[in-house]
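Just so you know, the protein sequences line up as chains H, S and Z, in that order. Count along the first sequence from 1, add 34, and you get the number used in my numbering. Count along the second sequence from 1, add 58, and you get the number used in my numbering. Count along the third sequence from 1, add 1, and you get the number used in my numbering.
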Amino acid sequence: SSLTPSATYTYKFTGSPSKELNDINQMIRQSGV
Amino acid sequence: AQECRELETERLRRLERIKQKQAQLQELILQQIAFKNLVQRNRQLEEKNNRPPPPNTIIHLPFIIVNTSKNTIIDCSISNDKFEYLFNFDNLFEIHDDVEVLKRMGLAFGLESGRCTQEQLKIARSFVPKALQPYVTEMAQGAIN
Amino acid sequence: QEVLEQVEVLKANIAELETQEKELDMQKACLQQSIKHLNEDPSGCRYSYVTHEDICDAFGGDTLLAVMAPSGTQLEVPVPEMGQNGQKKYQVNLRSHVAPIQVMLINRE
Numbered sequence: 035s036s037l038t039p040s041a042t043y044t045y046k047f048t049g050s051p052s053k054e055l056n057d058i059n060q061m062i063r064q065s066g067v
Numbered sequence: 059a060q061e062c063r064e065l066e067t068e069r070l071r072r073l074e075r076i077k078q079k080q081a082q083l084q085e086l087i088l089q090q091i092a093f094k095n096l097v098q099r100n101r102q103l104e105e106k107n108n109r110p111p112p113p114n115t116i117i118h119l120p121f122i123i124v125n126t127s128k129n130t131i132i133d134c135s136i137s138n139d140k141f142e143y144l145f146n147f148d149n150l151f152e153i154h155d156d157v158e159v160l161k162r163m164g165l166a167f168g169l170e171s172g173r174c175t176q177e178q179l180k181i182a183r184s185f186v187p188k189a190l191q192p193y194v195t196e197m198a199q200g201a202i203n
Numbered sequence: 002q003e004v005l006e007q008v009e010v011l012k013a014n015i016a017e018l019e020t021q022e023k024e025l026d027m028q029k030a031c032l033q034q035s036i037k038h039l040n041e042d043p044s045g046c047r048y049s050y051v052t053h054e055d056i057c058d059a060f061g062g063d064t065l066l067a068v069m070a071p072s073g074t075q076l077e078v079p080v081p082e083m084g085q086n087g088q089k090k091y092q093v094n095l096r097s098h099v100a101p102i103q104v105m106l107i108n109r110e
């Protein structure tokens, strides 16, 4: 709850396309580099 | 000349939009093929075994999978009513939806990567409406991006 | 004269692209409806499952969490930040407003 909205990626079940999960995965991968 | 430039910009914008919509359509086609293939597989297996699989060994669609290394430590907090979960990982993770799982199981016949046998292509085409069958053939030939 | 011809060619091109785009929109809508019917069909629902083994095979030796949640459930992933111990914190937050969320740990071992 202390995070600003821009610092969070969101996905909605049965609402968001698969691409949004791909974006999340890419963000996680890049953070690990 | 000004009109020409504006029309060219408009043309490129439409081309880009069409490219995106074609990709979305291909993704929907893969989803339909994978789903129908799954239903067919499970129906045949249940008929062969004369019973459904035990309920505690299966997961119904839709679902998502969070995968991480087997060495990752996962800390999980759950609200009393199970309406909220918080997971903390000490390592990277990935999230995939059920369509991705079905593709990894081979239920999209490898169409997503342009690897598909003639026999599989025949079955895949039968899973989509006739008007969309040319897209399936294109995908099998590796035209998918 | 050359530019005028180019304008005509571009206009014709754009008209073709507009037709192509409308057809794509129609095909997408048709397919989305078809997938919706498949998901709602009782016999389809009965057989729309994967086994634990299917999932384990798809992800090698990873630890897996299968999440089954109602439509509209929000999944939030904050951009990882460095923790006080010098390690990055990776988080997933699930929030439902309709029904409980089910999470299953699937591990081959």
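From the three backbone atoms N, C-alpha and C, an ideal C-beta is built for every residue, glycine too.
query, result
"When you compare only the Cα positions, how much space is there between LEU55 (chain H) and GLY164 (chain S)?", "20 Å"
"Counting C-beta neighbours from all protein chains within 10 Å, is the total for TYR193 (chain S) 16 or more, i.e. buried, or is it exposed?", "buried"
"Could you compute how far the alpha carbon of PHE245 (chain S) sits from the alpha carbon of ILE62 (chain H)?", "Because chain S is modelled from 59 through 203, residue 245 (chain S) falls outside the range shown and cannot be assessed."
"How big is the Cα-Cα spacing for GLN2 (chain Z) and THR175 (chain S)?", "52 Å"
"Strictly by DSSP, which residues pair up with ARG96 (chain Z)?", "S:GLU142 and Z:GLN75"
"With DSSP collapsed to three states, give me the class of LYS128 (chain S).", "coil"
"Is the segment 22-32 of chain Z touching the segment 115-130 of chain S, taking contact as three or more C-beta pairs under 8 Å?", "no"
"Could you please give me the residues that DSSP links to VAL68 (chain Z) through a beta bridge?", "S:ILE122 and Z:VAL104"
"Below 6 Å CB to CB, which residues in the same chain sit around ASN94 (chain Z) once its five sequence neighbours on both sides are set aside?", "GLU77"
"Kindly indicate if chain S contains any beta-carbon less than 9 Å away from that of MET83 (chain Z).", "no"
"Run through chain H and tell me which residues come within less than 8 Å of VAL51 (chain Z), C-beta to C-beta.", "Simply none; closest approach about 17 Å."
"Starting from VAL8 (chain Z), trace the alpha helix (DSSP H) in both directions and tell me its first and last residue.", "3-41"
"Of all the CB atoms in chain H, is at least one closer than 9 Å to the CB of LYS89 (chain Z)?", "yes"
"Have a look at the DSSP bridge pairing and note the partners of THR195 (chain S).", "In the DSSP output, where bridge partners are listed per residue, THR195 (chain S) has none listed."
"Counting only Cβ-Cβ distances shorter than 9 Å, please list the residues of the segment 168-199 of chain S near chain Z, keeping chain order.", "VAL186, PRO187, ALA189, LEU190 and TYR193"
"Which residues in chain Z sit within 9 Å of THR67 (chain S), going by Cβ to Cβ distance?", "Correct list: empty, because the minimum Cβ distance to chain Z is about 10 Å."
"Tell me, please, whether the CB atom of GLU158 (chain S) is closer than 9 Å to any CB atom in chain H?", "yes"
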